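Peer 1:
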Amino acid sequence: MATQSDGAHPEATLKPGAIGFISSMVIGLASTSPAYSLAAIIGPMVALVGIYAPGALLASFIPMLLIASAFYYLNRVDSDCGTTFSWVTRAMGPWFGWLGGWAIGMTGVLVVGSLANVGVTYALLAFGADDLVENGWVVNGLTVALIIVMTAICVIGTELSAHFQDVLIIAQVLALIAFAATALYGAFAGTSELGSITPEFSWLNPFGAGGAALTGALLLGVFAYWGWESAVNLNEETEGASSTPGRAAIASTVVLLVTYVAVAVSVVAYAGVDFLTENAEEEEAIFGVLADEVMGGWSWVVLLAVSTSAIASTQTTIIPASRTGLSMARRAALPKAMGHINPRFRTPDVSTWTVAVIAIVWYLVVDYVSENALYDSLTALSLLIAFYYGLTGIACAIFYRHELTKSAKNFILIGVGPIVGALLLFWLLIESIIDMSDPENSYTGVAWLGVGPPLVIGVGVFVVGVVFMIFWRIKDGRYWQEKTSVADPVLAAGGHRDADGNEVAR
Amino acid sequence: MTIVLGYDESPGARRALGYAVDLAKLLGDALVIVYGAEPPGRMGDELAEHFKAVAERGRAALDQAVETATAAGVAATVELVDEKPAQALLDVADQHDARLIVVGTYGESPLRGAMLGSTPHKLLHWSSRPVLCVPPPADAGE
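Chain order of the listed sequences is A and B.
Numbering-wise (our numbering), the first sequence opens with residue 5 and increments by one.
Numbering-wise (our numbering), the second sequence opens with residue 29 and increments by one.
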């Protein structure tokens, strides 16, 4: 007779014991994609705040750290890698949840073009095809081709082996540190042919620049750490009890901060502010130019690191974005087709290709319209990131409201920390919106509709989301039936429940 | 003894089910029907939702297969395993000390199979037990 055997798993559970120390440390690094992030932001950041770039990078980490605490605790009650969409819906209701899901999905979609573009540009530079980088048709053609190939890989579900990923990311960090060390040596020994200056501790002062430049730089800093919360989110999957992931998260954070600050300091020291300001309009490739200056014949090491970092990130960005689409569709918050699972590859194929199509259209439009596509879209993205991170921080405190007063640790890590993080991000968001509404403050000085382009993009994405949300609310109200709830006290205290909902001793 | 069948929605799967049921009946074996539900891409957000979506599909496929087997008078159990398909089949085969693993194939070129990832291909290399690969019916080919 047919029976459900004991081996059947009625509920989806993630395998424990899958990941060791090195791998969890690597995940923390890979999720922020340091080589790509630095290549993308270091130019605009130095153009904005000059020698205070290292300080701005350090300061941006603080809200990130506080919000990561919210991700950690929300993950504990809604384990198995939920996201802002699920959490905010539960804590603050469907309207906020939908917008959070929209923001997180759109950030994933909008960054893909920039990732692929950087991947292509730096690959060309690494192979010495510097002339082709100037050719818009070649770069755009290759970028679109790369997005399509990476999407196909995501749909087929091919993965690099974990081991190969580890090697790639470690090579990236080593290349960045080699770059920083060589550049600093050049600055101190006076071998730099640019106007090198000696590093000072005052560069670490985040408030050195002040004003609109500072908020712009901090916003880019948020982008640089975007994804870092994954490092603290993998606890359930990591082998070796609770100490391994904790130590791995700390180790990856230290490595990340040291790398970012070292590269920022070395860039400013080696090239000097004058050179960087003069070349501000070339900031999309400034890291490539500097790599050639600093490393000479070895620059391909750094260029290849940036390229692989960006290409690998397209995959790790497309997958979560398409899964958010899947998740929203399964709860009737998006059209049902978005929840389609390919029978052979078991991936959300419709959602994944949708991500790719929007990403390609977006990339081409921004590239055509904007004079400073990279900076404009990254800044706009940072607005969305600040929004959904902030929302997550608030959701954490609301969801855990009955647990906050149970201990001082709860109060600080679940309540005060995430709320302060959220307030910092919302402050940054509002400050940036005010600054950007005056195009004079955009260092490119370009204006769309009388305000800075990133603001138009950010608000545009948000408005499209709101319109679509209202349309969908009218068309299919099922998702809006979902009720808010509060954290389960057992899970909140770090306990577990079995399949029947009974408390299990650890 | 036991025969382990990997059942999904591949074109060869229905035919593989037919063969597995016939063999089980002939040999007096029990049939264990397996679906490996782990989606690709272990990292990243909303993994649990992806897992559930794949598992739902798997459960539907398994129910259908069990009906067919039961109708033919073969004792069938199902296992929905949170592993990738090939690993799931190997694990379940070991648990039951299976005589044979049966899978359906896509009946496609080796190159295509290598690029798209082929469960039968992996099984043939990894399995320490005999593997029976059943192609889709000839008229269903491309």
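Beta carbons are placed, not taken as given, at the ideal position from N, Cα and C, and that holds for glycine.
Note that the coordinates shown come from a computational prediction; the quantities given were computed from them, not determined experimentally.
Could you compute how far the alpha carbon of A/D442 sits from the alpha carbon of A/I55?
Peer 2: Rounded to the nearest angstrom, the two C-alpha atoms are 24 Å apart.
Peer 1: Within 10 angstroms of the Cβ of A/R327, are there 16 or more other Cβ atoms? Answer buried if so, exposed if not.
Peer 2: Buried.
Peer 1: Report yes or no: is there a C-beta of chain B within less than 8 Å of the C-beta of A/R482?
Peer 2: Taking Cβ atoms only, chain B never reaches closer than 8 Å to A/R482, which makes this a no.
Peer 1: Which chain B residues are close to A/S64, counting only those with a beta carbon under 9 Å from its beta carbon?
Peer 2: Going along chain B, no residue has its Cβ under 9 Å from A/S64, so there is no contact; the nearest lies around 22 Å.
Peer 1: Please check the pair A/L307 and A/A295, which I expect to be a contact at CB under 8 Å, by giving their CB distance rounded to whole angstroms.
Peer 2: 6 Å between Cβ atoms; contact.
Peer 1: With respect to the alpha helix (DSSP H) encompassing B/E84, which residues constitute its N-terminal and C-terminal limits?
Peer 2: 75-99 is the extent of the alpha helix (DSSP H) around B/E84.
Peer 1: Which chain A residues sit within Cβ distance under 9 Å of B/V32?
Peer 2: Residues of chain A passing the Cβ test: none, with the nearest at roughly 12 Å.
Peer 1: Name, please, each residue of chain A whose Cβ falls closer than 9 Å to the Cβ of B/L139.
Peer 2: In chain order: nothing, as chain A lies at least about 14 Å away.
Peer 1: For A/T7, is the classification buried or exposed, using 16 other Cβ atoms within 10 angstroms of its Cβ as the cut-off for buried?
Peer 2: Bear in mind that the predicted position of A/T7 carries a pLDDT of just 39, short of 50, making it unreliable; the figure below should be weighed with that in mind. Classification of A/T7: exposed, given that the 10 Å Cβ count is below 16.
Peer 1: When the Cβ atoms of the stretch 60-69 of chain B are set against those of the stretch 105-115 of chain B, are three or more pairs found closer than 8 Å?
Peer 2: Output reads yes: the stretch 105-115 of chain B touches the stretch 60-69 of chain B.
Peer 1: With distances taken from CA atoms, which of B/W154, B/D125, B/H149, B/S155 is nearest B/P163?
Peer 2: It is B/H149 whose Cα lies nearest to the Cα of B/P163.
Peer 1: How many Å lie between A/G438 and A/Y393 at the Cα?
Peer 2: The amino acid at residue 438 of chain A is misidentified as Gly; the sequence shows Ile. Rounded to whole angstroms, A/I438 to A/Y393 spans 20 Å at the Cα level.
Peer 1: Would you tell me roughly how many angstroms separate the C-alpha atoms of B/A89 and B/L144, rounded to the nearest one?
Peer 2: B/A89 and B/L144: Cα-Cα distance of roughly 21 Å.
Peer 1: Are the stretch 413-428 of chain A and the stretch 343-350 of chain A in contact at 8 Å, needing three or more beta carbon pairs?
Peer 2: Because the criterion of three Cβ pairs below 8 Å is not met, the stretch 413-428 of chain A and the stretch 343-350 of chain A do not touch.
Peer 1: On a CA-only basis, which of A/Q169, A/R335, A/E507, A/F472 is nearest A/L103? Give me that one, please.
Peer 2: Ranking A/Q169, A/R335, A/E507, A/F472 by Cα distance to A/L103 puts A/F472 first.
Peer 1: Would you kindly work out how many angstroms separate the C-alpha atoms of A/A107 and A/I45, rounded to a whole number?
Peer 2: Spanning the two alpha carbons is a distance of roughly 21 Å.
Peer 1: Which value, in whole angstroms, describes the spacing of the CA atoms of A/H13 and B/K80?
Peer 2: Residue placement at A/H13 cannot be trusted, given a pLDDT of 40 that sits under 50; the coordinates are not used to answer.
Peer 1: Which value, in whole angstroms, describes the spacing of the CA atoms of A/V305 and A/A179?
Peer 2: Computed Cα separation, rounded: 6 Å.
Peer 1: Return yes when the Cβ of A/T147 is within less than 8 Å of the Cβ of A/A120, no when it is not.
Peer 2: Yes, these two residues count as a Cβ contact at 8 Å.
Peer 1: Strictly by DSSP, which residues pair up with B/Y63?
Peer 2: For B/Y63, which the question treats as bridged, DSSP gives the partners B/L108.
Peer 1: Residues of the stretch 321-334 of chain A with a CB closer than 7 Å to any CB of chain B: list them in chain order, please.
Peer 2: Taking 7 Å as the Cβ-Cβ cut-off against chain B, the residues of the stretch 321-334 of chain A that qualify are I323, P324, R327, T328, L330, S331, R334.
Peer 1: Quick check: A/P457 and A/D380, are their CB atoms within less than 8 Å of each other?
Peer 2: It is a contact, given that the beta carbons lie within the stated cut-off.
Peer 1: Would you report the Cα separation of A/C400 and A/Y77, rounded to the nearest angstrom?
Peer 2: Each residue's Cα considered, the two are about 7 Å apart.
Peer 1: Strictly under 8 Å for the Cβ-Cβ distance: is B/L51 near chain A by that measure?
Peer 2: No, because no Cβ of chain A sits closer than 8 Å to the Cβ of B/L51.
Peer 1: Measure the C-alpha to C-alpha separation of B/L139 and B/S146 and round it to an integer number of angstroms.
Peer 2: So the two alpha carbons sit approximately 10 Å from each other.
Peer 1: By the 8 Å beta-carbon criterion, what residues does the stretch 148-166 of chain A contribute toward chain B?
Peer 2: Result list: C158, I160, G161, T162, E163.
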